[in-house]
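J.: Structure incoming, see below.
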Amino acid sequence: MQGSGMSGPSNVERICRVLSAFDADNGALRRSDILKRAGIGRSTGYGLIRELLARGYLEGIGHGCFRLGPTARNMAQASVERAVIGPTLPGQFRRFDAGPLDLGLTDGLFELVSGPVPPGPPPWKIGFANASTSNPWRRALLASFRHGCGLHRDQIADTVVADAGDDASRQISQITEMLDGGVAALVVSAAPDPGGDLAGCLAAVRDRGVPLVAVDRRTGGAATHDSFVAASGEMIGKLSAIWMKEHLGGAGRVWLLSGLVDSSPAVRRLAAAREIFDADEGIVVEAVQHTGWTREGGQAEIARLLDTGHPPPDGVWCDSGLQGLGSMIEFDRRGLVIPPHTGGDVNGAYRFALERGVAFCAIDYPAAMGARAVEVLLDLLQGSPVPRRVEVPVLAVLPRGRETRSIKADVWAETYVKWDQPDEYVLAQGRGRSLR
Numbered sequence: 002m003q004g005s006g007m008s009g010p011s012n013v014e015r016i017c018r019v020l021s022a023f024d025a026d027n028g029a030l031r032r033s034d035i036l037k038r039a040g041i042g043r044s045t046g047y048g049l050i051r052e053l054l055a056r057g058y059l060e061g062i063g064h065g066c067f068r069l070g071p072t073a074r075n076m077a078q079a080s081v082e083r084a085v086i087g088p089t090l091p092g093q094f095r096r097f098d099a100g101p102l103d104l105g106l107t108d109g110l111f112e113l114v115s116g117p118v119p120p121g122p123p124p125w126k127i128g129f130a131n132a133s134t135s136n137p138w139r140r141a142l143l144a145s146f147r148h149g150c151g152l153h154r155d156q157i158a159d160t161v162v163a164d165a166g167d168d169a170s171r172q173i174s175q176i177t178e179m180l181d182g183g184v185a186a187l188v189v190s191a192a193p194d195p196g197g198d199l200a201g202c203l204a205a206v207r208d209r210g211v212p213l214v215a216v217d218r219r220t221g222g223a224a225t226h227d228s229f230v231a232a233s234g235e236m237i238g239k240l241s242a243i244w245m246k247e248h249l250g251g252a253g254r255v256w257l258l259s260g261l262v263d264s265s266p267a268v269r270r271l272a273a274a275r276e277i278f279d280a281d282e283g284i285v286v287e288a289v290q291h292t293g294w295t296r297e298g299g300q301a302e303i304a305r306l307l308d309t310g311h312p313p314p315d316g317v318w319c320d321s322g323l324q325g326l327g328s329m330i331e332f333d334r335r336g337l338v339i340p341p342h343t344g345g346d347v348n349g350a351y352r353f354a355l356e357r358g359v360a361f362c363a364i365d366y367p368a369a370m371g372a373r374a375v376e377v378l379l380d381l382l383q384g385s386p387v388p389r390r391v392e393v394p395v396l397a398v399l400p401r402g403r404e405t406r407s408i409k410a411d412v413w414a415e416t417y418v419k420w421d422q423p424d425e426y427v428l429a430q431g432r433g434r435s436l437r
């Protein structure tokens, strides 16, 4: 993608830089010195240090100084994935419990894994089981996957693509058909799977020795994929919520518009945002609604809340501009002042907000992860170790004059928006950074 800033470091690289900032004696460093040595900006660096502190990779020793914490010193590679429960019976898939989700930075970020025995020399037939193409972002993910395949025509003989319509049962059937049709390896973006059946299917696929890369969405933990390619939903949720809280001066009424019920990115972003908002007594969360990640869903939920007598809120937190655009349209349609919003991704959300002077913050979720997933899958097929989790870089995008104390722009919205492109154009699409 041109002009998007997608060449920045991944979260994995940032973590490694932070930990490498300390010398062999583990001498104490101030936060500013850590970020300077690591070459990381404040907009992401402050949040990253907080997460490393919470998980023991760093520890504070007073006076604003830090050193490597017990987790980094010991580098214990403890499993953080949910356990499989119950025996596997003939003809049945294993079910996975619905215990607490791992929301953020884990030991898996540092772990390299080897896939199954390669199926033979290239070219290979690969499949993409896509959760759906129900919104512009999901269609951009598919386009990115196809772009990645096009860059490796010498290694890919054929591709098979399926759209599950966000139905786990349908996706199970589609995956079975792909394998019966001779697919050698799979990229899977999981449909919502509250019952765990899809997770069991994917675990069975891996038991058969089929390389499997999860992208964007996963289900069931480490047993269901060799590698997971995504951007941090927790960071997106937290950073956007921090911006909203700071923009409102720590006090105000907010409405939360999440994406798709039971979809792992929506769950992670919402949980992370709630953690920020609930920790501040001055922020009152008046409503939490799901929108299906559509413009129509966002507009309908705002209309419903306003029609039931709620006064306009002080801010609207959206985990994506997919529904954020619909939210802003509804306020504007009623002649109301559009409150501050979060959520980017689609060109229309940026253009609408900029044209109307709306205060907003966007942490884009890059559809470029589709092409990255292809690269990871090809590495597995060649027998190369791959990271357990591959992070695609995210950008903090704000209009000029809208930065807050903690959240700084990686790129200005005025230069990021594509004025000559349609509303549905997804900005953070393309190939992203190469693994090679």
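Going by the numbering used here, the first residue of the sequence shown is number 2, and it counts up by one from there. Glycine residues also receive a C-beta, built at the ideal position from the N, C-alpha and C atoms.
Kindly give me the distance between the Cβ atoms of A242 and W318, rounded to whole angstroms, as I take these residues to be in contact under 8 angstroms.
T.: Contact flag correct, Cβ pair sits at about 6 angstroms.
J.: Exposed or buried, which one is F278 when buried takes at least 16 other CB atoms within 10 Å?
T.: buried
J.: G384: buried (16+ other C-beta within 10 angstroms of its C-beta) or exposed?
T.: exposed
J.: Assign G253 to one of three DSSP states: helix, strand, or coil.
T.: If DSSP states are grouped into helix, strand and coil, G253 belongs with the strands.
J.: Which word fits K239, buried or exposed, when buried means at least 16 other C-beta atoms lie within 10 angstroms of its C-beta?
T.: buried
J.: Please list the terminal residues of the continuous beta strand (DSSP E) segment that includes S228.
T.: For S228, the enclosing beta strand (DSSP E) covers residues S228 to A231.
J.: By the DSSP assignment, the beta strand (DSSP E) with A158 in it spans what residues?
T.: Following the DSSP letters along the chain, one finds A158 inside the beta strand (DSSP E) bounded by residues I157 to D164.
J.: Could you tell me whether the region 297-309 touches the region 264-274, where touching means 3 or more Cβ pairs closer than 8 angstroms?
T.: no
J.: Assign A186 to one of three DSSP states: helix, strand, or coil.
T.: strand
J.: In three-state DSSP terms, what is V412?
T.: Residue state, collapsed to three classes: strand.
J.: Relative to the C-alpha of P386, which residue among S115, V19 and A22 is closest?
T.: S115
J.: Could you tell me the distance, in whole angstroms, from the CA atom of S80 to the CA atom of S33?
T.: Note that S80 has pLDDT 29, beneath the 50 cutoff, so the model's placement of it is unreliable and no number is given.
J.: Label V338 either buried or exposed according to how many other C-beta atoms from any shown protein chain fall within 10 Å of its C-beta, with 16 as the threshold for buried.
T.: exposed
J.: Does DSSP put L106 in a helix, in a strand, or in coil?
T.: Model confidence at L106 stands at a pLDDT of 48, short of 50, so the residue's coordinates are unreliable and nothing is read from them.
J.: How would you write the range of the alpha helix (DSSP H) that N12 sits in, first residue to last?
T.: N12 to S21
J.: Drop a sphere of 10 angstroms on the beta-carbon of S259, count the other beta-carbons inside from all chains shown, and report buried for 16 or more, exposed for fewer.
T.: Result: buried.
J.: What are the boundary residues of the alpha helix (DSSP H) that includes L203?
T.: D198 to D208
J.: Return the CA-CA distance between W256 and D320, expressed in angstroms with no decimal places.
T.: Straight-line Cα distance between these residues: approximately 12 angstroms.
J.: Classify A363 as helix, strand or coil using the three-state DSSP reduction.
T.: strand
J.: Does the region 117-136 come within contact of the region 165-177, defined as at least 3 CB pairs closer than 8 angstroms?
T.: yes
J.: I want to know whether the region 218-236 touches the region 283-290 - three or more CB-CB distances under 8 angstroms.
T.: Verdict: no, contact absent.
J.: For R15, count the other beta carbons within 10 Å of its own beta carbon; 16 or more makes it buried, fewer makes it exposed. Which is it?
T.: buried
J.: Where does V81 fall in DSSP's three states?
T.: Any reading at V81 is ruled out, since the residue's pLDDT is 31, under 50, leaving its predicted position unreliable.
J.: Report yes if the CB atom of A372 is closer than 9 angstroms to the CB atom of S190, and no otherwise.
T.: no
J.: Cβ of A363 within 9 angstroms of Cβ of G322?
T.: It is a contact, given that the beta carbons lie within the stated cut-off.
J.: Please report the residue range of the alpha helix (DSSP H) in which V118 lies.
T.: Taken as a continuous stretch (DSSP letters only), V118 belongs to no alpha helix (DSSP H), as it is neither H nor E.
J.: Residues in the same chain with beta-carbon distance under 6 angstroms from R452, minus the five sequence neighbours each way, listed in chain order, please.
T.: Any question about residue 452 goes unanswered here, given that the chain covers just 2 to 437.
J.: Suppose you measure from the CA of G48 to the CA of N12; what does that come to, to the nearest Å?
T.: Across the structure, G48 and N12 are spaced so that their CA atoms are roughly 11 angstroms apart.
J.: Please report the straight-line C-alpha distance between G293 and R68, rounded to a whole angstrom.
T.: 43 angstroms
J.: Specify, as a first and last residue, the run of the alpha helix (DSSP H) that L271 falls within.
T.: S265 to D279
J.: Give the single residue among A368, L428 and L306 whose Cα lies nearest to the Cα of L143.
T.: A368
J.: Do V188 and A158 have their beta-carbon atoms positioned less than 9 angstroms apart in this structure?
T.: The answer is no: Cβ separation not under 9 angstroms.
J.: Is G28 buried or exposed, if buried means 16 or more other CB atoms sit within 10 Å of its CB?
T.: Under a 10 Å Cβ-count criterion, G28 is classified as exposed, with fewer than 16 other Cβ atoms of the shown protein chains found around its own Cβ.
J.: My output table needs one value for H342: the three-state DSSP class, helix, strand or coil.
T.: strand
J.: Take C150 as the anchor and find which of W125, C202, L307 and G327 has the nearest alpha-carbon.
T.: W125
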